[in-house]
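**Student:** Per our numbering: the sequence shown = residues 7 to 161.
Where is the CB? At the ideal position from N, CA and C, for every residue including glycine.
The structure is given below, and queries will be raised subsequently.
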Amino acid sequence: MITLRMYVERKGWNVPHIIVNTNLWQEKKEEVMKTIIDRDLQFPGAELDAVQKDRLLEIAKACPISKILEGQINVRSFVLHEEDIEEKIKYSNNDITVLWKPSFCKHSARCVSQLPEVFDVKARPWINIEGAATERIIEQVNRCPTGALTYLKKA
Ligand code: SF4
7 MITLRMYVER KGWNVPHIIV NTNLWQEKKE EVMKTIIDRD LQFPGAELDA VQKDRLLEIA
67 KACPISKILE GQINVRSFVL HEEDIEEKIK YSNNDITVLW KPSFCKHSAR CVSQLPEVFD
127 VKARPWINIE GAATERIIEQ VNRCPTGALT YLKKA
């Protein structure tokens, strides 16, 4: 909806209203559940010809949310077991100490794929605490799904 509105405004088209109706249903075939989302666009009161409407349909299909939903989505679930903490390995810079608890790490590779400048399993040590700004490291540590990564701020 926002993507369409931005496009319409940029083009200077007269489109007073954009209505998007969606319909979601599921079909099961050979034990595989398929989810289908239909999206119907309407532009009541708009001065648009067929070519412009088709263009808006293409814009709607290209919006970031559509791309996420049309791509492959994997739901990955993790749980934190506090009692599993045995060992903590520390990496410090001037601002923070990052703690890595190997027994917590479920090797989701989230840290490695999202901040390879810092988290690299082929390097020794595998965490390069100088590889990014402290705020960016904290952001990534907070994304660790299992709590294997935590940090302490230096006083
Ligand atoms: S994000 Fe956390 S659980 Fe995933 S590999 Fe990195 S440290 Fe391990």
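For residue 31, count neighbouring Cβ atoms within 10 angstroms of its own Cβ and tell me buried if that reaches 16, exposed if not.
**Tutor:** It is exposed - the Cβ of residue 31 has fewer than 16 other Cβ atoms within 10 Å.
**Student:** Please classify residue 74: does DSSP put it in a helix, a strand, or coil?
**Tutor:** Correct three-state label for residue 74: helix.
**Student:** Looking at residue 58: is its Cβ nearer than 8 Å to the Cβ of residue 19?
**Tutor:** Result yes, Cβ atoms of residue 58 and residue 19 sit closer than 8 Å.
**Student:** Find the nearest neighbour of residue 98 within the set 74, 83, 157, judged by alpha-carbon distance.
**Tutor:** Nearest of 74, 83, 157 to residue 98, Cα basis: 157.
**Student:** Is residue 44 helix, strand or coil by DSSP?
**Tutor:** In the structure shown, residue 44 sits in a strand (DSSP, three-state: E or B).
**Student:** Give the straight-line distance between the Cα atoms of residue 34 and residue 130, rounded to the nearest whole angstrom.
**Tutor:** So the two alpha carbons sit approximately 48 Å from each other.
**Student:** If you reduce the DSSP assignment to three classes, tell me which class residue 164 lands in.
**Tutor:** Limits of the chain in this structure are 7 at one end and 161 at the other, which puts residue 164 out of reach.
**Student:** Straight-line CA distance for residue 106 to residue 138?
**Tutor:** The straight-line gap from Cα to Cα measures roughly 17 Å.
**Student:** Round the Cβ separation of residue 65 and residue 9 to the nearest angstrom and send it over; I've been treating them as touching at under 8 Å.
**Tutor:** With 8 Å as the limit, residue 65 and residue 9 qualify as a contact, their Cβ atoms being about 6 Å apart.
**Student:** Which residue comes first and which comes last in the beta strand (DSSP E) that contains residue 156?
**Tutor:** Segment 155-159, the beta strand (DSSP E) holding residue 156.
**Student:** Closest to residue 100 by CA distance: which of 46, 52, 160 is it?
**Tutor:** Considering only alpha carbons, the answer is 160.
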